[in-house]
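Structure first, then comments.
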Amino acid sequence: MSVHRDSQLDMFAKAAPAIAEARSLSRRRPSPPAARSDEDMARALEESGNYRILRKLAARPVAAARQPGFPRLGVVLDTETTGLNHRSDEIIEIGAVAFTFDDTGAIGDVVGIYGGLQQPSRPIPADITKLTGITDGMVEGQVIDIRSLSALIEPADLIIAHNAGFDRPFCEAFSPLFAGKAWACSVSEIDWSARGFEGTKLGYLVGQAGYFHEGHRAVDDCHALLEILDRQHGHGDSAFAELYRASQRSRIRIFAEHSPFEMKDHLKARGYRWSDGSDGRLKSWWIEVGEEDLGDELSYLRSEIYRWKEADPPIVRLTAFDRFKL
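Here the sequence shown stands for residues 1 to 326, where the numbers follow UniProt numbering.
Here's what the structure looks like:
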């Protein structure tokens with residue numbers, strides 16, 4: 001019996017260190033997982049298919065020196081105003097981001113930034129403050145620095161605005177600095193739907209591209225637009241390359257002068273707009289088309305509106321220097 005007991009004791013004695021080690025391991029805390037970066041976590045959420053992540057849009061810094069091979073200068077420009085009428089309302093903020101580009105529309109560097117506030121002659125309407133965040137206190141005593149703005153605008157080959165038909169008249173009413181410059185509109189001169197976007201508002205374009213930014217402040221909107229313009233479409237070119245090509249083409253403005261009153265709904269449905277003559281245009285319905293569409297549009301007017309094959313409505317050829325003017 002003693003031999004048997006001794007062998008059992010020997011067995012337990014040999015097992016004791018292993019049991020103690022097992023108990024020690026069980027009491028140890030598990031090692032914490034390796035720290036993951038914000039980008040790693042964002043990517044993991046996106047890859048799950050259950051989340052869509054918006055990244056904060058970072059403004060490009062001003063380059064210390066220009067890259068060679070980008071000889072042209074573009075300026076993305078945005079204004080905040082006291083209202084919608086350039087004849088009675090005023091600019092309260094201008095933002096401008098200057099960048100280099102080449103003849104293919106490839107963008108190089110940001111080479112200059114300007115942002116400035118201006119006190120208007122009347123208090124800022126409450127709805128404008130709500131929209132822009134600009135208060136009377138912010139603009140009190142503020143004046144836009146024309147000299148600094150001129151340093152960007154005067155050498156520019158092209159000024160880009162997201163709705164140039166709004167910004168250009170305000171800018172030309174504000175200063176002769178903008179007279180005679182070539183303008184392009186990133187709303188109307190880019191086929192955003194072909195690039196997979198379902199709208200043209202800047203905030204929507206930014207969001208669908210996977211970013212967010214502080215909207216409705218002029219310089220922030222300029223930085224945001226530049227990023228969207230520089231995005232590639234599949235294996236094609238960038239939105240800015242498309243815009244630059246469009247800016248180099250002539251457009252034709254056709255005035256359906258003396259068109260029968262009863263045809264106004266037909267003209268409106270086709271995309272014609274009414275001008276009452278107060279803006280210097282002819283008092284008539286008008287439309288703007290590409291050179292390639294001029295023949296078809298004149299045929300439509302002669303056969304469907306005037307019903308006279310000899311009708312010769314007035315036309316005006318426009319370049320980037322003329323489009324979106326007052």
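Ideal Cβ placement from N, Cα and C applies to all residues, glycine included.
These numbers come from a predicted model, not from an experiment.
Residue i classed as buried or exposed, judged by whether at least 16 other C-beta atoms fall within 10 angstroms
| i | result |
| --- | --- |
| S2 | Because S2 carries a pLDDT of 47, less than 50, the predicted location of this residue cannot be relied on, and the following value inherits that uncertainty. Exposed is the call here. |
| Y204 | exposed |
| E90 | buried |
| W286 | buried |
| A126 | exposed |
| R307 | exposed |
| A239 | buried |
| L73 | buried |
| R195 | buried |
Pairwise C-alpha distance: residue j and residue i
| i | j | result |
| --- | --- | --- |
| E262 | D279 | 24 angstroms |
| residue 337 | I128 | With the chain running from 1 to 326 in the structure shown, residue 337 is simply not present. |
| W274 | E288 | 12 angstroms |
| E93 | G295 | 42 angstroms |
| A44 | A58 | 22 angstroms |
| A98 | I53 | 29 angstroms |
| E39 | D276 | 55 angstroms |
| G116 | D145 | 7 angstroms |
| A164 | R36 | 44 angstroms |
| P61 | M41 | 27 angstroms |
| S193 | T200 | 9 angstroms |
| residue 329 | Y272 | Outside the displayed range of the chain (1 to 326) lies residue 329, so it cannot be described from this structure. |
| H223 | R317 | 32 angstroms |
| A156 | Q142 | 25 angstroms |
| A241 | R249 | 13 angstroms |
Pair within 9 angstroms by beta-carbon distance, residue i and residue j
| i | j | result |
| --- | --- | --- |
| I107 | F166 | no |
| I190 | A246 | yes |
| T81 | G95 | no |
| L282 | P260 | no |
| L226 | L243 | no |
| Y300 | R253 | no |
| H266 | E304 | yes |
Element boundaries [alpha helix (DSSP H), containing residue i]
| i | result |
| --- | --- |
| F170 | 164-174 |
Distance between beta carbons of residue j and residue i, contact taken as under 8 angstroms
| i | j | result |
| --- | --- | --- |
| D221 | L202 | 6 angstroms |
| F178 | C171 | 4 angstroms |
| A151 | D109 | Rounded, the Cβ-Cβ distance is 16 angstroms, inconsistent with contact. |
| V75 | I153 | 6 angstroms |
| Q284 | F255 | Residue identity differs from the one stated: residue 284 is Ser in this sequence, not Gln. Their Cβ separation, rounded to whole angstroms, is 5 angstroms, which keeps S284 and F255 in contact under 8 angstroms. |
Any chain C beta carbon closer than 9 angstroms to residue i
| i | result |
| --- | --- |
| L149 | In the structure shown, chain C does not exist; there is a single protein chain. |
Limits of the unbroken beta strand (DSSP E) element including residue i
| i | result |
| --- | --- |
| A161 | 158-161 |
| T135 | No beta strand (DSSP E) holds T135; DSSP gives it neither H nor E. |
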